[in-house]
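Using numbering that gives the first Met the number 0, the letters of the sequence shown map in sequence onto residues 0 to 329.
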Amino acid sequence: MGGDGLFFEVGVGLTALVVLICAASVAVKRIHKLLVYYGYSDTFGGLVVFSMATSLPEIFSHLAASLGILSESLDYEVASATVLGANIGSDVIQQTLILGLVVFFMGTLEFKKSFLKTGYLPMITTTLMCIVLGLDGIYSRLDGLILFSSFIAYLGYLYRRENHHMKENIQRLDKSENVQADLFVAATCFALMLGSAHFLLKITQEVVLLTGLGGSLIGVISLGVASASPEFFTAVFGLRNHTAGISLGTLIGSNITNPLVGIGGGALLSTYWVPKPLVYWDLPMETITAALLLAYLVKTDGRLGRWGALYLMGLYFLYLAVRFTYFAVD
0 MGGDGLFFEV
10 GVGLTALVVL
20 ICAASVAVKR
30 IHKLLVYYGY
40 SDTFGGLVVF
50 SMATSLPEIF
60 SHLAASLGIL
70 SESLDYEVAS
80 ATVLGANIGS
90 DVIQQTLILG
100 LVVFFMGTLE
110 FKKSFLKTGY
120 LPMITTTLMC
130 IVLGLDGIYS
140 RLDGLILFSS
150 FIAYLGYLYR
160 RENHHMKENI
170 QRLDKSENVQ
180 ADLFVAATCF
190 ALMLGSAHFL
200 LKITQEVVLL
210 TGLGGSLIGV
220 ISLGVASASP
230 EFFTAVFGLR
240 NHTAGISLGT
250 LIGSNITNPL
260 VGIGGGALLS
270 TYWVPKPLVY
280 WDLPMETITA
290 ALLLAYLVKT
300 DGRLGRWGAL
310 YLMGLYFLYL
320 AVRFTYFAVD
């Protein structure tokens, strides 16, 4: 890649980043109005709507990889390692670096006990499922069915639970005054977020593939960071608009949606080869960091401040250092 080509790629990447930021800001405001109008909580919107929308880059990456594997246009092991690394890497980044950055810049974040039950514990359970199912080195179609079916069941649980709290905020002044317009604008913003995230992923991949690193490491370090960008900006603008439920629901919900839908759906199509670093380091570290954060939240009555944010960011760089030193090759 020449110097001019590199500068062009960087320019496109920066443009995509600006579009992503603007789209996330508008989407948060419009979806919040719609949630208030229909009587749903911001947390429900984060766990369901935003977590699915911001996980689209990972989901479509899995779809493309699985179709490539089935058509034999992509190498089975390389494609599997890259998308799995991006998926799990994105999850680790979100619950450490991204969450830490969001809290550090915004000041504080409060985890309610009800959210720990409905969002946080299912996230840890999802990671443990991925570890157990991947121990044999393959995500089979049966494994994919288990993961994907678990997501459908989880959505049903959230919907039934939310029905007990519907319509309680229907008189609030910030509800939608034009549902069709807000739906259209929100859908357009989601499309822009998906498109800009796609360009970020593509450009990052083109730059990093010049190295000789393992496919899963490329996924964890570069594609994972790029694919976590929608969640980061959604969480930031959620807090700026005083909708912490959207912020928390997006970050934690994406860590449920990514494995269950991305890995589960992809494995249903083509099966995946599971690199050992994912089972022996990435997924266990994701579980450990989640457990450490849970212990911290119990100690602080659910409040996460700037010191806790630094703690999370430190965990991420520790994870990355070990990954780079001992698990660089699949």
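Backbone N, C-alpha and C fix where the C-beta goes; we use that ideal spot for every residue, glycine too.
Worksheet entry | Residue span of the alpha helix (DSSP H) that contains residue 61, given as start and end | Segment 55-69, the alpha helix (DSSP H) holding residue 61.
Fill in: Counterpart residues of residue 272 in DSSP-defined beta bridges
Paired residue(s): 137.
Worksheet item: What first and last residue would you give for the alpha helix (DSSP H) that runs through residue 253?
Response: Residue 253 -> alpha helix (DSSP H) spans 243-256.
Worksheet item: For the alpha helix (DSSP H) that contains residue 116, what are its first and last residues?
Response: In the DSSP assignment, residue 116 falls outside any alpha helix (DSSP H) and carries neither an H nor an E.
Worksheet item: Less than 8 Å separating the beta-carbons of residue 142 and residue 132?
Response: Yes. Within cutoff.
Discussion item. Here's a check: name, in chain order, each residue in its chain whose Cβ is nearer than 6 Å to the Cβ of residue 159, leaving out the five neighbours to either side.
Written reply: Nothing meets the Cβ criterion.
Practice prompt. Please determine, among 56, 96, 85 and 156, the residue with the shortest C-alpha to C-alpha distance to residue 415.
Written response: Residue 415 cannot be examined here, being either before or after the span of the chain that is shown, 0 to 329.
Worksheet item: Going by other Cβ atoms of all chains shown within 10 Å of its Cβ, with 16 needed for buried, is residue 306 buried or exposed?
Response: Classified as exposed, residue 306 has fewer than 16 neighbouring CB atoms from the shown chains inside 10 Å of its CB.
Discussion item. Give me the residue from 136, 137, 161 and 127 with the minimum Cα distance to residue 149.
Written reply: Considering only 136, 137, 161 and 127, the residue with the shortest C-alpha distance to residue 149 is 127.
Worksheet item: From what residue to what residue does the alpha helix (DSSP H) around residue 72 run?
Response: In the DSSP assignment, residue 72 falls outside any alpha helix (DSSP H), carrying neither H nor E.
Fill in: For residue 307, the first and last residue of its enclosing alpha helix (DSSP H)
Segment 305-325, the alpha helix (DSSP H) holding residue 307.
Practice prompt. Give the range of the alpha helix (DSSP H) segment to which residue 295 is assigned.
Written response: Looking at the DSSP string, the run of the alpha helix (DSSP H) that includes residue 295 is 282-298.
Discussion item. Check this for me: beta carbons of residue 330 and residue 26, under 8 Å apart or not?
Written reply: Limits of the chain in this structure are 0 at one end and 329 at the other, which puts residue 330 out of reach.
Item to complete: Would you kindly work out how many angstroms separate the C-alpha atoms of residue 110 and residue 71, rounded to a whole number?
Response: Residue 110 and residue 71 have their C-alpha atoms roughly 45 Å apart.
Worksheet item: So what does DSSP say about residue 230, is it helix, strand or coil?
Response: Residue 230 falls in the helix class under three-state DSSP.
Worksheet item: Among 176, 108 and 266, which residue has its Cα nearest to the Cα of residue 28?
Response: The option with the nearest alpha carbon to residue 28 is 176.
Item to complete: Report the residue from 283, 260, 237 and 291 whose alpha carbon sits nearest the alpha carbon of residue 145.
Response: The option with the nearest alpha carbon to residue 145 is 260.
Item to complete: Please determine if the stretch 277-296 and the stretch 84-104 are in contact, where contact requires at least 3 C-beta pairs separated by less than 8 Å.
Response: The answer is yes - the stretch 84-104 touches the stretch 277-296, with three or more Cβ pairs under 8 Å.
Discussion item. For residue 295 and residue 301, I'd like the C-alpha separation in whole angstroms.
Written reply: Answer to the nearest angstrom: the Cα atoms are 8 Å apart.
Discussion item. Quick check: what's the CA-CA separation for residue 297 versus residue 124?
Written reply: Taken atom to atom, the span from the alpha-carbon of residue 297 to that of residue 124 is near 18 Å.
Worksheet item: Under a three-way DSSP split, which group does residue 109 fall into?
Response: When DSSP states are grouped into helix, strand and coil, residue 109 belongs to the strand group.
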